[in-house]
Structure formats: C-alpha cells, structure tokens
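I have placed the structure first, in the form of structure tokens, so that the comments after it can refer back to it.
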Amino acid sequence: MTVNLPTPAQPLKIGTRGSPLALAQANETRDRLATAFNVPFEAFQIVVIRTTGDNRAMIDADRPLKEIGNKGLFTKEIEEQLIAGDIDIAVHSSKDMPTVQPEGLVLDCYLPREDVRDAFVSLKGQGIADLPQGAVVGTSSLRRKAQLLYRRPDLQVVEFRGNVQTRLQKLANGVAEATFLAMAGLNRLGMDDVPYTPISVDDMLPAVAQGAIGIERREGDSNVAEMLAALHHEETGIRIKCERAFMARLDGSCETPIGGLAEIQDDKIRLRGEILATDGSAAFSDEGTAPIDDGEKLGRELAERLLAAAGPDFLKR
Ligand SMILES: NCc1[nH]cc(CCC(=O)O)c1CC(=O)O
C-alpha cells in the first residue's frame, strides 16, 4: 500500500494547544513528517485548539489544577476535533495524556524522547540542597511537591503556574526561591537564559512519559496510521508503553504523586517507580527489569509491588 501524501492544496491538519511548548512540539512533528515523506511544509497545517486547561478564567486563579479536574484537561477539545475530522492528527506532551484514549482514537506514535530530567530553576542556587531552611518553592506539580517535601520537610511549597517567563518573574520578585521545569520543555523552547540545573533522575524521578511527544490519530484512518508508523521511534515507544502500563495499574492521574522511568539497558528494559503521599510524609520506590518485549507486564508488576508495599488505601489519601 502506498501512502496518500498531503499537499499544500489538501494539507494534513495537525491539532495542538497554543502554548509556546505545544507549538514547538507541533512544529517538530511537521518538520519530521515533511522530511520523512519529502513534501513541503505547506502540506501541513497547524491548527491551534483552545482547551479547558488553557482557559484563563479558570487557570489564572491560584487554584491547584487538581481542583479544576485534571483528566484530559489539556486534551479533551483536541480529541473532539480529531474524532470530528476537523484535524487529522493531534500532537501532545505524552505526560499530560490519560492512560486510556477515547473510543476511536489511538496513541501509538512517539517521537525520539528528549531529556527526561527535571531542572532546578533558581536565581540563588544549584540544587535542592542549597535551599535555606524553610525556603519557599513554587510548583503546581503534585509529584515534584511530594518529592521535594519527602526530602526536605522544612520547605514550603506554593502554587506556581503560568508560562516560563511568568514563573521567572515570580522568582525575581521573591515570591519563591526556586521552581522546577522539565528539561524537555527548556530544550524544546531553547531557553538558554534560564538559570537552571538538571536534577539527576536518582534524586527526582520524572513523571511517567516526561519528555516524549505523542501523536494521536483516528483508529480507522489507515493512511495516517501508515504515515505515523514511519515516524514512530521504537525505543521511545517501548519505554513509554512500559511507564504508562505502570501508571494505569496504579490508576494514576495527575492527582496522585507518581514517578516512573523506563530505560533500555543492554537488551533489557529497566523500570524505576515511585509513589508518594501528597504531603511528602511517605514514599515507596522500587525497580525491576524484564526482557524488552515484556515492558508492559513489568510496568503492571512494579505497580502491584508498590501498591502491596504501600497498602491498599495509600493512593486514596
Ligand atoms: N504539565 C505541563 C507539561 N507537560 C509537559 C511538559 C514538559 C515537556 C515534556 O515533559 O514533554 C510540561 C511542563 C513542565 O513540566 O515543566
């Protein structure tokens, strides 16, 4: 079967959020598609879609995202347009994606993964250990908050949202002494002027699927399926599927502090996982390895081991 390629007259429509990071990810997807199929950039049209998560009235207040309702906060409207056929593919940060897609949609194409690490961002120091006793740290991530408080119960965490510039301004204004950003975001946006230090994954396990762009499509669109198959990065896909199986078995959402990272080492897949109490008062971590083809099973099994260690009610706290 030959792929029916898009043309400037009949472009392939790429749906995305409108944030600078989302647009960078959509542009990377378009560039890779244009190169892979040797068609002009004009054969792709980037369609910006506003999601609930982008709605200023809801987001600008200092309410934690979890109170607004996190499931599909940044994906629902995009997926509706994908189902309706208004767009042909949707580009997402995989870490913001629920583990189950709506009926009729498939998420099975991943681009080569960026740096998975979190970065410590501060005008004053290089890492968590440099923070003075009782210092204020800004983050809206429950995972980062729990990981931080687990190691440094003396610190105070305040809600921190907005784009990178807004957050840096807050640091300059003394609202907080430090914050965290994903290295993948900093790299994709080329933010060299940000005072950041990468944090080893041994010190802060990243979110499941952090740093991976995922491309969603309609299940029945065989032409798009074939195009995306050519773009798919096998190793990233294996790692993300393992991590997402881990998260799914934990019934993980953004309301549960979970860290997870799968890596391919020699011909094995190694998964590290962590679950934490939201207030950082407890954490359970474990790891395992398996043959590469058994990544999803490894994910489920590691989740079960952590659940058993933590006790059945742990995630409901
Ligand atoms: N929750 C927002 C979000 N979703 C994906 C990224 C970073 C890029 C990535 O992990 O692919 C970010 C920002 C951040 O965590 O700093």
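Each residue of the sequence shown is one higher than the one before, starting from 1 at the first, in UniProt numbering.
Quick reminder that beta carbons are idealized off the backbone N, C-alpha and C, glycines included.
- Just so you know, the alpha carbons of Ala146 and Asp31 end up roughly 37 Å apart.
- The count of Cβ pairs closer than 8 Å, one atom from the stretch 243-252 and one from the stretch 39-59, stays below three, leaving the stretches out of contact.
- Per DSSP, Thr236 is not a residue of any beta strand (DSSP E); the alpha helix (DSSP H) it occupies stretches across 234-249.
- Under the DSSP assignment, Lys268 falls in the beta strand (DSSP E) whose first and last residues are 268-276.
- DSSP places Asp193 outside both helix and strand once states are collapsed to three, so it counts as coil.
- Counting C-beta atoms within 10 angstroms of its own C-beta, Gln25 has 16 or more neighbours from the protein chains shown and is therefore classed as buried.
- Pairwise C-beta distances place the stretch 200-220 in contact with the stretch 112-123, as three or more of them are shorter than 8 Å.
- In the pairwise beta carbon analysis, the stretch 5-15 is classified as not touching the stretch 189-209: fewer than three pairs are separated by under 8 Å.
- Across the set Leu306, Arg300, Lys297, Lys268, the C-alpha of Leu306 shows the shortest separation from the C-alpha of Ser285.
- Where Thr16 is concerned, the enclosing beta strand (DSSP E) starts and stops at 12-16.
- Using a Cβ distance threshold of 8 Å, Phe160 and Ala176 count as a contacting pair.
- Residue side-chain check: Gly138 keeps its Cβ at 7 Å or more from all non-hydrogen atoms of ligand 1.
- Cβ-Cβ separation between Ile269 and Leu231: approximately 22 Å, too far for a contact (criterion under 8 Å).
- Cα atoms of Asp130 and Ala225: separation of roughly 48 Å, rounded to the nearest angstrom.
- Each residue's CA atom was taken as its position, placing Cys109 and Asp154 some 42 Å apart.
- Secondary structure at Pro291: strand, using DSSP grouped into helix, strand and coil.
- Judged by DSSP in its simplified three-state form, Ala176 adopts coil rather than helix or strand.
- Excluding its 5 nearest sequence neighbours in each direction, Glu301 has C-beta neighbours in its own chain below 7 Å: Gly288, listed in chain order.
- Contiguous beta strand (DSSP E) elements confined to the stretch 76-101 occur at 89-93, taking only those with 3 or more residues.
- For the set Val157, Arg151, Met191, Asn187, the Cα lying nearest the Cα of Leu168 is the one of Met191.
- Taking a C-beta distance under 8 Å as the contact criterion, Gly280 and Leu149 qualify as a contact pair.
- Here Ala172 is exposed: its Cβ has fewer than 16 other Cβ atoms, across all protein chains shown, within 10 Å.
- Taken through DSSP and simplified to helix, strand or coil, Ile128 comes out as helix.
- Between Leu21 and Arg188, the gap from beta carbon to beta carbon is short of 8 Å.
- Taken from the Cβ of Ser93, at least one heavy atom of ligand 1 lies inside 7 Å.
- DSSP places Arg117 outside both helix and strand once states are collapsed to three, so it counts as coil.
- Put simply, of Pro102, Gly85, Arg217 the residue whose alpha carbon is nearest the alpha carbon of Leu228 is Arg217.
- Residue pairing from DSSP places Gln45 in a beta bridge opposite Lys13.
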